[in-house]
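Residue numbers (numbering that gives the first Met the number 0): 0 to 916. From the three backbone atoms N, C-alpha and C, an ideal C-beta is built for every residue, glycine too. To keep things clear, I will list the structure first and then write my remarks on it.
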Amino acid sequence: MSADPFGTAALRSSTLDGWVASPTRLAEDAAAEADLVTVGYRDRLLTELAANAADAAAAAGIAGELSIWVDGDELHVANTGEPLTVEGVRSLAALRVSAKTPTGGQIGRFGVGFTATATVADRVEVRSRTGSIVFDRAQTVEAVREAGLSVDTVPVLRLVWPSKVEPAEGFDTEVVLSLREPSGPLIEAMLAQAPDLVVELAALQRITVGGVEIEAERSAGPEVDDDEASSAIVTVSVSGAGSSSTQRWLEVTRGGTRWLVDADGGRTPDHDVLRAPTPTDIELSLPCRCITDLALTPDRRHLHPRAEIRDAAAGYVDLLLLLDPVRRLQLVPELHLARNRDDVRLIEAVREQLRDTAWLPGADGEALLPSRSVVLIGLTDRLAEILAEHFADLVHPDISFAQHLPTMGRLGVEELGLAALAERLGGLQHEPSWWHDLYEALAPLVSTGREVEELGALPIPRSDGRMSVGVRGLFVSDRIATPMRWIPTVHPDARHSLLERLGVQELSVTDALADPALRVLIEDIDPEGAGDDGLAAEICAVLRADPDAAVPTWLATLPLLDTDGELRPADELLLPDSPLLSVLVDDHPFGVVDDEVVSECGAGELRRLGVGWGFLTVDDELPVAPDHDLPDEEDWWDTLPDAPERLAAVRDLDLIDDRSWSEALTMMATDEDIAPLLADRDGYTSWWLRRHAEVDGLLLGEYRAPSDEILAGIIDPLDHPHADALVGALARLEPDTAVDADLLLTRLGDPERDISAGAAVMVHAAVVAACRRGVIDPADVEVPERVRTIAGIVTERAVVVDQPWFLQAVPDLEAVLAGPTITPADAEVLATLLDLPLGSEEYTATVRDPGDTATWAHPEAVRFGAERGVEVPRGQVRLHDELWISLRSADSRRDIRVRWWVEDGVTHLELRATSTS
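The following block contains the structure:
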């Protein structure tokens with residue numbers, strides 16, 4: 000390679016000759032360079048070198064790389080691509096002259112922008128594979144002086160010398176700057192600029208700054224409908240120094256303009272500048288980044304006078320069409336934010352395209368022309384889905400908010416109010432369920448009376464198949480599937496709470512059945528006629544809609560056809576094959592419903608009307624008198640202390656055949672509505688069954704439940720598969736009447752029964768308790784012939800023990816207890832019931848020896864109180880080595896040794912024998 004491949008000597012000689020011939024020219028060159036350094040290319044060092052590197056890469060047809068590092072006070076900037084040429088050297092050594100051709104997309108390779116190097120260095124070396132050169136201010140000063148010129152200031156980049164130093168390995172060209180100042184701030188600024196440069200300079204793929212690698216990877220973007228436009232995803236990765244970050248740009252290109260926006264929805268900068276392709280000083284307020292090929296002034300900071308910035312608007316709509324609805328609207332530029340005249344002109348051009356192009360997202364997913372679009376504030380996804388087939392001009396729900404209305408309004412979009420919506424819905428034909436879905440989706444938009452008023456003409460489907468305009472005169476029913484001739488209702492499949500908010504009156508099935516208009520219809524039916532014109536089927540359909548609805552008692556008067564073809568009230572009829580027929584007496588008064596009526600109305604619904612299947616019940620809230628036509632109802636009413644809060648009872652019990660009670664009880668026990676009545680001991684049903692229903696010759700009240708083990712041996716268990724479910728109608732330990740007490744006491748005195756002493760005591764206690772509570776008058780209880788003692792035997796002669804100490808003296812064969820704890824009052828009641836003497840009346844006891852006087856503080860007295868589980872009483876205590884009493888009755892006398900005794904208020908205790916060792 001030649002020592003001076005670029006002919007730098009000739010270039011220097013020519014320049015020096017010019018300066019010698021005209022020293023003013025030297026001063027002009029120095030001033031011109033100074034202007035470019037201090038004004039034109041200040042803060043653009045990396046931008047200009049990166050642009051040169053991008054041009055070199057583009058010329059070589061490769062993905063360019065640029066690397067920057069510091070070595071001492073030298074800043075190295077190396078790149079790949081086409082190396083230095085003779086034309087390039089001549090351009091570098093000349094002011095305001097560039098070797099860049101006007102074609103080929105070059106930005107500024109080795110043009111006047113290279114002057115930016117002089118902003119930081121007085122010595123600039125360019126090393127390349129084709130040869131190297133150097134610019135040096137000191138050498139230039141020396142050369143000027145040798146030429147006989149005397150000046151204070153010389154330009155750096157006018158005189159060039161050859162250099163033998165080759166570029167760093169792996170690079171085609173390397174610029175080395177001998178820095179005048181520390182490199183730190185310069186490197187920091189370059190790190191900040193590099194991520195934008197790899198986006199702006201498409202030919203430059205990677206920039207490395209001090210070990211931090213900034214790389215741009217371009218991949219195909221979303222498909223663009225127009226062949227004249229294209230899109231790409233530009234991924235900028237920054238890695239090094241123990242950290243990494245990534246930003247993705249969505250880029251759309253049309254003609255010479257690229258529009259970019261953060262591909263991941265990142266926040267748009269508050270302001271940016273026009274890039275052509277590197278940053279200019281033209282501030283822009285548009286929310287997307289604009290990179291264009293518009294011509295610039297030589298300092299690359301402003302548009303050339305011949306450049307038209309409106310041309311850069313091309314592609315903006317293409318970009319918006321690739322974004323989600325909300326982001327599209329967010330990226331609409333606003334004129335009032337414009338920062339300068341160029342910004343205004345570009346915004347106007349973009350907005351013209353937005354007004355004249357279909358880009359606004361529609362509810363059906365299609366792009367809309369703003370001037371032919373309407374926005375429904377508060378539109379939801381669901382409402383949009385429902386309305387889409389009829390409202391092709393409806394704006395997408397994601398942007399149907401009040402805050403977006405000004406932006407869309409300035410583009411020609413009109414607001415669609417609820418009143419206009421209701422008007423446009425008129426005449427649509429859909430299934431009721433579609434209208435329900437519409438109301439469901441529309442409900443969130445109705446929050447005040449204003450919205451309610453606006454929807455006054457909303458179409459509403461009715462149960463009879465017709466449509467109503469507005470809610471006036473309409474009712475809603477819970478789940479009624481058929482129309483009711485006596486009430487106009489909203490179709491059940493269309494019912495929604497919104498309609499009630501709009502003014503539709505709510506009507507439950509219970510209210511519908513209780514409506515006076517229905518009662519009039521029933522009363523108008525001719526009992527001599529041939530039928531009811533389908534009214535029964537209609538009523539049963541209403542009943543079917545709500546199994547739990549209350550049925551007014553007068554509905555039982557609804558005339559129905561029986562098997563004889565006559566109309567009879569529902570409560571005088573039974574269903575065919577009703578099990579109740581098998582347990583009734585032969586001369587019962589009921590008829591049977593016609594089979595066709597059962598088929599039309601449904602057996603379950605007929606039963607709710609009052610037609611019998613099983614046992615029928617009477618239900619009355621707050622009854623005031625025994626006027627429900629129940630057998631023996633007045634007798635039951637007399638047993639109650641007060642009128643019941645509610646009467647629920649099985650009716651027609653007196654019509655049961657005596658031979659069928661077992662089957663009848665099964666029917667009642669397995670009926671979920673009647674079963675609770677059988678457990679209600681105080682209710683009418685259990686009361687009547689205890690006294691009148693017979694099984695195997697005994698009343699139900701004379702049996703016990705098999706699970707009631709307390710009465711085992713006393714009362715026989717009921718042999719029935721549902722005996723435990725009949726507990727309210729069976730005997731129990733606590734008697735309800737004197738008859739119950741008679742039964743218990745008589746069974747206790749039955750010698751054929753094996754009854755424990757404990758069971759006998761429990762029965763005595765229960766009967767006594769009933770007497771003391773006033774439930775039973777002892778005078779009404781029949782005295783049993785025999786009693787059962789604590790020995791468990793039956794006897795005719797016994798005494799009721801009324802003092803606990805008498806248990807030590809009265810034989811178990813004679814002792815009867817009124818309860819597990821002996822109290823004189825209970826013993827006296829039992830003695831009256833059993834017509835037995837009290838122990839203290841039958842026997843007279845005298846303590847034989849006076850004993851030794853003591854107090855209750857004595858250990859023996861304390862032990863006695865502890866054994867009996869009582870506090871130490873007050874009073875006199877006497878202690879005996881052996882305690883004997885003389886017990887006398889009318890026909891006997893005997894001495895008995897006892898542990899303790901009470902006589903005339905004095906407690907006598909026998910001392911315990913103490914052992915000695």
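Close beta carbons around residue i, own chain, < 6 Å, minus the five adjacent residues each side
| i | result |
| --- | --- |
| V596 | L559, L560 |
| I538 | none |
| A600 | Before going further, note that residue 600 is Cys rather than Ala in the sequence given. If we look at C600 and ignore the five residues flanking it on each side, its Cβ neighbours are A535, A536, C539. |
Paired residues, beta bridge with residue i - DSSP
| i | result |
| --- | --- |
| C289 | W258 |
| A33 | None, per the DSSP bridge assignment. |
| I213 | I206, V237 |
| T245 | S236 |
| V519 | DSSP lists no partner for V519. |
| I486 | M483 |
| P460 | M466 |
| P575 | Note: P575 sits in no beta bridge, so no partner. |
| P918 | Nothing in the structure corresponds to residue 918, since the chain is present only between 0 and 916. |
| D851 | L878 |
| W899 | L908 |
| A77 | S66, E173 |
| A442 | According to DSSP, which records beta bridges pairwise, A442 is partnered with nothing at all. |
| I398 | Answer is none; I398 lacks a bridge partner. |
| A826 | None; A826 has no bridge partner. |
Collapsed DSSP secondary structure at residue i in the structure displayed
| i | result |
| --- | --- |
| G613 | coil |
| P546 | coil |
| T556 | helix |
| T665 | helix |
| P101 | Because the pLDDT of P101 is 47, which lies under 50, any placement of that residue in the model is unreliable, and the number read from its coordinates should be weighed accordingly. P101 falls in the coil class under three-state DSSP. |
| E282 | strand |
| P54 | In the sequence as presented, Pro is not what sits at residue 54; that position holds Asp. D54 falls in the helix class under three-state DSSP. |
| F134 | strand |
| R350 | helix |
| R305 | coil |
| V153 | coil |
| T745 | helix |
| W804 | helix |
| F390 | coil |
| T831 | helix |
| A511 | helix |
Terminal residues of the alpha helix (DSSP H) in which residue i lies
| i | result |
| --- | --- |
| W18 | 7–20 |
| V175 | Premise fails: V175 lies in the beta strand (DSSP E), 172–178, not in any alpha helix (DSSP H). |
| R923 | Residue 923 lies beyond the stretch modelled for the chain, which goes from 0 to 916, so this question has no answer here. |
| A860 | 858–867 |
Beta strand (DSSP E) segment containing residue i, residue limits
| i | result |
| --- | --- |
| L506 | 504–506 |
| H879 | 876–879 |
| L725 | That residue, L725, is in no beta strand (DSSP E); it is neither H nor E in DSSP. |
| V274 | Before going on, a small fix: residue 274 reads as Arg here, not Val. First-last of the beta strand (DSSP E) with R274: 271–274. |
| R887 | 883–887 |
| P405 | Per DSSP, P405 belongs to no beta strand (DSSP E); it is in the alpha helix (DSSP H), 404–409. |
Other residues of its chain near residue i: CB distance less than 8 Å, five sequence neighbours each side excluded
| i | result |
| --- | --- |
| S948 | Nothing can be reported for residue 948: it is not among the residues displayed for the chain, which extend from 0 to 916. |
| V901 | Q802, W804, H907 |
C-beta neighbour in chain B for residue i, strict 8 Å
| i | result |
| --- | --- |
| L832 | Protein chain content of the structure displayed is limited to a single chain, and chain B is not contained in it. |
Contacts around residue i, its chain only, beta-carbon distance under 7 Å, and the 5 residues preceding and following it disregarded
| i | result |
| --- | --- |
| P551 | L512, A513 |
| S661 | V694, H719 |
| D811 | T788, I789, A790 |
| P4 | T129, G130 |
| A311 | T256, C289, T291, L293, L345 |
Cβ-heavy atom distance, residue i to the ligand NAP, below 7 Å
| i | result |
| --- | --- |
| T14 | This structure lacks the ligand NAP, and indeed carries no ligand of any kind. |
Check whether the region 634–643 touches the region 672–689, counting contact only when three or more Cβ pairs, one atom from each stretch, lie closer than 8 Å.
yes
Meets three-Cβ-pair contact criterion under 8 Å: the region 220–232 and the region 73–89
no
May I ask you to verify whether the region 421–432 touches the region 479–495, counting CB pairs closer than 8 Å and requiring at least 3?
yes
Meets three-Cβ-pair contact criterion under 8 Å: the region 794–805 and the region 817–826
yes
Quick check: the region 53–73 against the region 198–209, are at least 3 beta-carbon pairs closer than 8 Å?
yes
So, do the region 501–508 and the region 472–485 have three or more beta carbon pairs nearer to each other than 8 Å?
yes
Take every Cβ of the region 331–344, pair it with every Cβ of the region 291–300, and state whether three or more of those distances are shorter than 8 Å.
no
Is it a yes or a no for the region 648–657 touching the region 616–632, going by three-plus beta-carbon pairs under 8 Å?
yes
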